[in-house]
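**Student:** The structure follows.
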Amino acid sequence: MMIFDDWRSWTLSKNDALLIAGPCSAENPDQLSTVAEHLQKLGVSIMRAGVWKPRTRPNSFEGKGIEALKWLQELKQRIPIKVATEVASPQHAEAAIKYGMDVLWIGARTTVNPFLVQEIANTLKGIDVPILVKNPINPELALWQGAIERIYNTGNKKVAAIHRGFSSYQKSKFRNTPSWQIALELKSTFPSLPLICDPSHIAGNRHMIFEISQKALDLGYDGLMIETHPNPDEALSDADQQVSLQGLSDTLDQLRFAQRHSSDALFISQLEQLREKIDQIDQELVEILSMRKQLIEKIGDYKKENNVTVFQLERWNEILNSRTDWGQSKNLSAKFIQEIYRAIHDESIRIQTEIMRKETEKK
Numbered sequence: 000m001m002i003f004d005d006w007r008s009w010t011l012s013k014n015d016a017l018l019i020a021g022p023c024s025a026e027n028p029d030q031l032s033t034v035a036e037h038l039q040k041l042g043v044s045i046m047r048a049g050v051w052k053p054r055t056r057p058n059s060f061e062g063k064g065i066e067a068l069k070w071l072q073e074l075k076q077r078i079p080i081k082v083a084t085e086v087a088s089p090q091h092a093e094a095a096i097k098y099g100m101d102v103l104w105i106g107a108r109t110t111v112n113p114f115l116v117q118e119i120a121n122t123l124k125g126i127d128v129p130i131l132v133k134n135p136i137n138p139e140l141a142l143w144q145g146a147i148e149r150i151y152n153t154g155n156k157k158v159a160a161i162h163r164g165f166s167s168y169q170k171s172k173f174r175n176t177p178s179w180q181i182a183l184e185l186k187s188t189f190p191s192l193p194l195i196c197d198p199s200h201i202a203g204n205r206h207m208i209f210e211i212s213q214k215a216l217d218l219g220y221d222g223l224m225i226e227t228h229p230n231p232d233e234a235l236s237d238a239d240q241q242v243s244l245q246g247l248s249d250t251l252d253q254l255r256f257a258q259r260h261s262s263d264a265l266f267i268s269q270l271e272q273l274r275e276k277i278d279q280i281d282q283e284l285v286e287i288l289s290m291r292k293q294l295i296e297k298i299g300d301y302k303k304e305n306n307v308t309v310f311q312l313e314r315w316n317e318i319l320n321s322r323t324d325w326g327q328s329k330n331l332s333a334k335f336i337q338e339i340y341r342a343i344h345d346e347s348i349r350i351q352t353e354i355m356r357k358e359t360e361k362k
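Letter by letter, the sequence shown follows residues 0 to 362 of numbering that gives the first Met the number 0.
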């Protein structure tokens, strides 16, 4: 099992959550100083600042590069705050280390490229620097896992994941669809891996930052990365999703940081009783699914004997519509019921197709 260092060990923070904030891009020394001074007052653990900006289209502001690294290096000498920046190539990584960046992150556009991630990992091998890995642009858990494993396999246990949402062609109120279940599955795979939410990129606008941040904390995320700017509307990149410094203060003041565990004996006792009931119900569910599978196999045999196709559209529509109605009558969402029955139907099709295939092979 991969064991990652606790984020508190490399931030030296006493906060309830790992807080990272700062501008999308490092634009000038004055901007960086203003932000850093405000973050220090708020007790934010790490200041983020993009130096190289991998923009979707050319002729947009693409960062100040080495010049910005020099600004950040000088800033750290005046203001005691840790600084994080994005690296998208081995050359970026070398420069960031040269100028004393405390934390590095690998962006979504880089995570999709295993070759590039490996090159960055090799460059940073043996260097004591925390590395944060953003999810890939597309909802592919294996790519995200793979990037994290490549960093970890160089001997670096100071690794964390950043959930910034996924690109989608479907209409959504989000800039990037959260798909929370993917991030939670990653956490299930790597229980000790710190998981950070980037509400700025998920939202795409500053008005949803609090809502997304609170949901992430309620789900047990370890921290947040929020973009903030002294004058968001004048920002040179991603202006809409950056909050003002006062907006950041207000957001952090309003957030509720829930405990992961409780030592209250009554709470623990009542929770265990409820969990035992859930365990009993889940066992019954599995038994029922097993009984349903046996009936599906009999139907498959019957269809085979009578040379009838596996997929029956009318029957499937009847099942989907009736079960959705049944679920809604019990205050279960239509989406939830439909997802369950689509999974059940897919398994039924697989079982009956296997029965048909075996008969064909015998012939």
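We put the beta carbon where it would ideally sit given N, CA and C, even for glycine.
For clarity, every value in this text was computed on a predicted model and none was experimentally measured.
#1: Determine the direct distance from the alpha carbon of residue 310 to that of residue 350, and round the result to whole angstroms.
#2: Expressed to the nearest angstrom, what Euclidean distance is found between the alpha-carbon atoms of residue 127 and residue 15?
#3: Can you tell which of 337, 208 and 259 has the C-alpha that lies nearest to the C-alpha of residue 253?
#4: Starting from residue 226, follow its DSSP beta bridges and name the residues at the other end.
#5: Pull up the DSSP beta-bridge partners for residue 303, would you.
#6: Can you list, in chain order, the residues of its chain whose CB lies under 8 Å from that of residue 234, leaving out five sequence neighbours each side?
#7: Terminal residues of the continuous beta strand (DSSP E) containing residue 51?
#8: What number of angstroms, rounded off, separates the C-alpha of residue 64 from the C-alpha of residue 340?
#9: Could you work out which residue in 96, 3 and 85 is closest to residue 104 when comparing CA atoms only?
#10: Using DSSP bridges, identify the partner residues of residue 202.
#11: Counting pairs of Cβ atoms below 8 Å between the stretch 68 to 76 and the stretch 116 to 133, do you hit three or more?
#12: Distance check for residue 321 and residue 353, CA to CA, integer angstroms please.
#13: Whose CA, out of 9, 123, 306 and 324, lies closest to the CA of residue 356?
#14: Between 173, 166, 158 and 211, which has its C-alpha nearest residue 191's C-alpha?
#15: Check the DSSP bridge columns for residue 165 and list the partner residues they point to.
#16: Would DSSP call residue 43 helix, strand or coil?
#17: Using a threshold of 7 Å, state whether the C-beta atoms of residue 50 and residue 67 are closer than that.
#18: Could you pull the start and end residues of the alpha helix (DSSP H) that residue 119 belongs to?
#19: Measure how close the beta-carbons of residue 87 and residue 109 come, nearest whole angstrom, since I'm counting them as under 8 Å.
#20: Going by beta carbon distance, what residues of the same chain come within less than 6 Å of residue 99, once the five residues before and after it are set aside?
#21: Who are the near neighbours of residue 123 in its chain, counting only those whose CB is closer than 6 Å to its CB and skipping five residues on each side?
**Tutor:** Quick answer:
#1: Numbered from its first residue, the sequence shown carries residue 350 at position 351. Numbered from its first residue, the sequence shown carries residue 310 at position 311. Roughly 12 Å separates the two Cα atoms.
#2: On the sequence shown, position 128 is the one that residue 127 refers to. On the sequence shown, position 16 is the one that residue 15 refers to. Cα to Cα, residue 127 sits roughly 24 Å from residue 15.
#3: Here residue 253 corresponds to residue number 254 of the sequence shown, with the count starting at 1. Closest by alpha carbon: 208.
#4: The residue labelled residue 226 in the question sits at position 227 within the sequence shown. BP columns for residue 226 point to 21.
#5: Taking the first residue of the sequence shown as 1, we reach residue 303 at position 304. According to DSSP, which records beta bridges pairwise, residue 303 is partnered with nothing at all.
#6: The residue labelled residue 234 in the question sits at position 235 within the sequence shown. Take residue 234, set aside five residues on each side of it, and the residues of its chain with a beta-carbon closer than 8 Å to its own are 22, 23, 24, 26, 228 and 241, in chain order.
#7: Position 52 of the sequence shown holds residue 51. Element bounds for residue 51: n/a, residue is neither H nor E.
#8: Reading the sequence shown from its first residue, position 65 is the one you call residue 64. Reading the sequence shown from its first residue, position 341 is the one you call residue 340. The alpha-carbon atoms of residue 64 and residue 340 are separated by roughly 51 Å.
#9: For the purposes of this step, residue 104 is identified with residue 105 of the sequence shown, where counting begins at 1. Nearest option by C-alpha distance: 85.
#10: Start at 1 with the first residue of the sequence shown, and residue 202 comes out as number 203. Its beta-bridge partners do not exist; DSSP assigns none.
#11: With the cut-off at 8 Å, the stretch 68 to 76 and the stretch 116 to 133 do not touch.
#12: Within the sequence shown, numbered from 1, the residue matching residue 353 stands at position 354. Within the sequence shown, numbered from 1, the residue matching residue 321 stands at position 322. Rounded to the nearest angstrom, the two C-alpha atoms are 27 Å apart.
#13: On the sequence shown, position 357 is the one that residue 356 refers to. Measuring C-alpha to C-alpha distances from residue 356 to each of 9, 123, 306 and 324 identifies 306 as the nearest.
#14: Your numbering for residue 191 matches position 192 in the sequence shown. Ranking the options by Cα distance to residue 191, first place goes to 158.
#15: Here residue 165 refers to the residue found at position 166 of the sequence shown. In the DSSP assignment, residue 165 forms a beta bridge with 176.
#16: Residue numbering aside, residue 43 sits at position 44 when the sequence shown is read from its first letter. If DSSP states are grouped into helix, strand and coil, residue 43 belongs with coil.
#17: Against the sequence shown, residue 50 aligns to sequence position 51. Against the sequence shown, residue 67 aligns to sequence position 68. A contact, by the Cβ cut-off of 7 Å.
#18: Counting from one through the sequence shown, the residue named residue 119 turns up at place 120. It spans 113 to 123 - the alpha helix (DSSP H) in which residue 119 sits, taken as one unbroken run.
#19: Stepping through the sequence shown from its first residue, residue 87 is reached at position 88. Stepping through the sequence shown from its first residue, residue 109 is reached at position 110. The pair is a contact, with the Cβ atoms about 5 Å apart (cut-off 8 Å).
#20: Locating residue 99 in the sequence shown gives position 100, where the first residue counts as 1. The answer, listed in chain order, is 72.
#21: Here residue 123 refers to the residue found at position 124 when the sequence shown is read from its first residue. If the five residues before and after residue 123 are omitted, its C-beta is found closer than 6 Å to the C-beta atoms of 92, all from its own chain and listed in chain order.
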